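This report concerns only the one structure given below.
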Amino acid sequence: MTVPVEPPPPAEPPAPAPAGPYDGRANAVLGRVPAAVRTPVLEAGGMILLLGRIVHSAVRHPRGYWGSVVDEMYLTIRQAWIPIAAALFGFLMFMSILTVQFFAMAGASQLFGPLLFLQSIRTFSMWIDSMVVAGVIGTALTADVGARKVREEIDAMEVMGIDPVRDLAVPRVLSITFITTLLAIPSMLITMFSMQIGAAYVAGMPASHFYSNLFSNMSPVEVASVVANHFLVGLLIGTICCYKGLNASGGAIGLGRSVNQAVVLSFVAVWILQLAYNSLLLGVVPGLGAFR
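Numbering (our numbering), first residue to last: 5 to 296.
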């Protein structure tokens, strides 16, 4: 008697590919990277993409947003000029008094103005400017754009065919960039004035000697490098704050978290930018800042 052979069970169908941002073959490798490493890289890439879209929109279609840029600059300057001036004057006055005492004890008071001023406008004043811009202007930008995102206004704009990058990001990023660039000249004047007061109060240095030594060691390259540095810092802070606002989520708590993250990321990014910018600048112009 022949025993019937049962047919083998049918093979199970292959498991469906997981749906999500890492469902592709190439992206699956990225999905295995720990979140602590993956998230900062993705955010940096998103900021670079946003910056590219802003520059492309502003250059390709340079009309229609300048009125919004002027309005944003007016409102921002009206709200932020007092804390910016107070922070610059207070910090630099304190540093000038301490530094001029050191130069006076070393018998080199005539070197105080040129050396400290050239280093201050390149590093310390730039850092103070970036902190004030990110803390005062950047937080307002992130909160404004983030509130629109939380209230789903940006989603409604996309449904109506309005580009939120063109309508929201371009005017705000350009306004904060121009404000930071224009801040370079008042920042240098406040630095110069506060240092002169510190030199006259502590070391008894006449104003004529201070400004004579200072202007004999300045060059147009110094001023141009400071203005270009402010431009890059403003563009960087504006892009970071706008990106965090456009990607805010989680209601009011998430919006507050995005504002805090925008300020912290701006400080870190400015520090990295200054390290690269000053290294490149001193490499291209090695005699910059030398005493003459």
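Quick reminder that beta carbons are idealized off the backbone N, C-alpha and C, glycines included.
All values reported here derive from a predicted model rather than from experimental measurement.
query                                                                                                                                                              : result
My parser needs the alpha helix (DSSP H) runs of 4 or more residues fully inside the segment 153-201; what are they?                                               : 157-163 and 174-186
If you check the beta carbons only, do Met241 and Gly94 fall under 8 Å apart?                                                                                      : According to the sequence shown, residue 241 is Ile rather than Met. Contact: no.
Output needed for Val206: all residues of its chain with C-beta closer than 6 Å, excluding positions within five of it in sequence on either side, in chain order. : Ile101, Val104 and Gln105
Decide yes or no for the touch test of the segment 216-231 against the segment 150-158: beta carbon pairs closer than 8 Å, at least 3 of them.                     : no
Determine the closest residue to Met99 out of Ile86, Phe121 and Met109, with distance taken between C-alpha atoms.                                                 : Phe121
Output needed for Ala91: all residues of its chain with C-beta closer than 7 Å, excluding positions within five of it in sequence on either side, in chain order.  : Ile132 and Val136
Please list the terminal residues of the continuous alpha helix (DSSP H) segment that includes Arg308.                                                             : As shown, the chain starts at 5 and ends at 296. That puts residue 308 outside it, with no answer to give.
Check for me: the alpha helix (DSSP H) holding Arg82 runs from which residue to which?                                                                             : Trp70 to Met109
Please decide whether Glu156 counts as near chain D, where near means a Cβ-Cβ distance under 8 Å.                                                                  : Going by chain labels, chain D is absent from the structure shown, which holds only one protein chain.
For the alpha helix (DSSP H) containing Gly249, name the first residue and the last one.                                                                           : Pro224 to Leu250
Would you decide whether His234 is buried or exposed? Buried here means 16 or more other CB atoms lie within 10 Å of its CB.                                       : buried
Would Gln200 be called buried (16 or more neighbouring beta carbons within 10 Å of its own) or exposed?                                                            : buried
Just how far apart, CA to CA, sit Leu172 and Cys246?                                                                                                               : 9 Å
First and last residue of the alpha helix (DSSP H) that includes Tyr205?                                                                                           : Counting along the chain, Tyr205 falls outside any alpha helix (DSSP H), and DSSP gives it neither H nor E.
According to the Cβ coordinates, are Leu277 and Leu250 closer than 8 Å?                                                                                            : no
Give the single residue among Glu47, Pro38 and Asn282 whose Cα lies nearest to the Cα of Ala252.                                                                   : Glu47
Can you grab the Cα-Cα spacing for the pair Ser124 / Ser72, in whole Å?                                                                                            : 34 Å
Could you tell me the boundaries of the alpha helix (DSSP H) in which Ser124 lies?                                                                                 : Premise fails: Ser124 is in no alpha helix (DSSP H) and is neither H nor E.
Report the rounded CA-to-CA distance for Val140 versus Tyr69, giving the unit in angstroms.                                                                        : 23 Å
Tell me the DSSP secondary structure of Arg64 in three-state form.                                                                                                 : helix
Please tell me whether Ser270 and Ala138 are closer than 8 Å, where the distance is taken between their beta carbons.                                              : yes
Would DSSP call Pro38 helix, strand or coil?                                                                                                                       : coil
How should Ser212 be labelled, buried or exposed, when 16 other C-beta atoms within 10 angstroms of its C-beta is the threshold for buried?                        : exposed
Determine the closest residue to Met77 out of Arg57, Gly238, Phe128 and Leu279, with distance taken between C-alpha atoms.                                         : Gly238
Does DSSP put Asn217 in a helix, a strand or coil?                                                                                                                 : helix
Pick helix, strand or coil for Leu53, following the three-state DSSP scheme.                                                                                       : helix
Is it buried or exposed, Leu193, if we count other Cβ atoms within 10 angstroms and call 16 or more buried?                                                        : exposed
Is Gly139 helix, strand or coil by DSSP?                                                                                                                           : helix
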